Amino acid sequence: MRILLFLMIFFISGALLVIENNNLALRDSDNAIKFGGIYFSWLGQIISNSMTVTGNAVDLRWLPTNTSVENLTK
3 MRILLFLMIF FISGALLVIE NNNLALRDSD NAIKFGGIYF SWLGQIISNS
53 MTVTGNAVDL RWLPTNTSVE NLTK
């Protein structure tokens, strides 16, 4: 339930940011179409960036290497 609420707030606030930053009045059909293009482009970029971050995190070496205390003091 919390995840659903978070997602709703995220998507609604994102839509409001797109409307505000582009000065769109959604009563006009041309602006509504423009809003849809900008909003879904924004969502696509978020998904792409999330995939990039996830891919980079997976490629990191998370486990410690086999080093002894003697090797660290040299």
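End of the sequence shown sits at 76 in this note's numbering; the numbers just go up one at a time, nothing left out.
C-beta atoms are modelled at their ideal positions from N, C-alpha and C, and glycine is treated no differently.
Keep in mind that this is a model prediction, so the values were computed, not measured.
Count the other C-beta atoms from every protein chain shown that fall within 10 angstroms of the C-beta of residue i, then say buried if there are 16 or more, exposed otherwise.
i, result
"Val-20", "buried"
What first and last residue would you give for the alpha helix (DSSP H) that runs through residue i?
i, result
"Ala-4", "Sequence check: residue 4 is Arg here, not Ala. Per DSSP, Arg-4 belongs to the alpha helix (DSSP H) from 4-23."
"Asn-51", "31-61"
Let me make sure I understand the geometry here. Which of the options has the alpha-carbon closest to that of residue i?
i, options, result
"Asn-23", "Tyr-41, Asp-30, Met-53", "Tyr-41"
"Gly-16", "Asp-30, Asn-58, Gln-47, Arg-63", "Gln-47"
Do residue j and residue i come within 8 angstroms of each other at the CB atom, strictly closer than that value?
i, j, result
"Phe-37", "Leu-45", "no"
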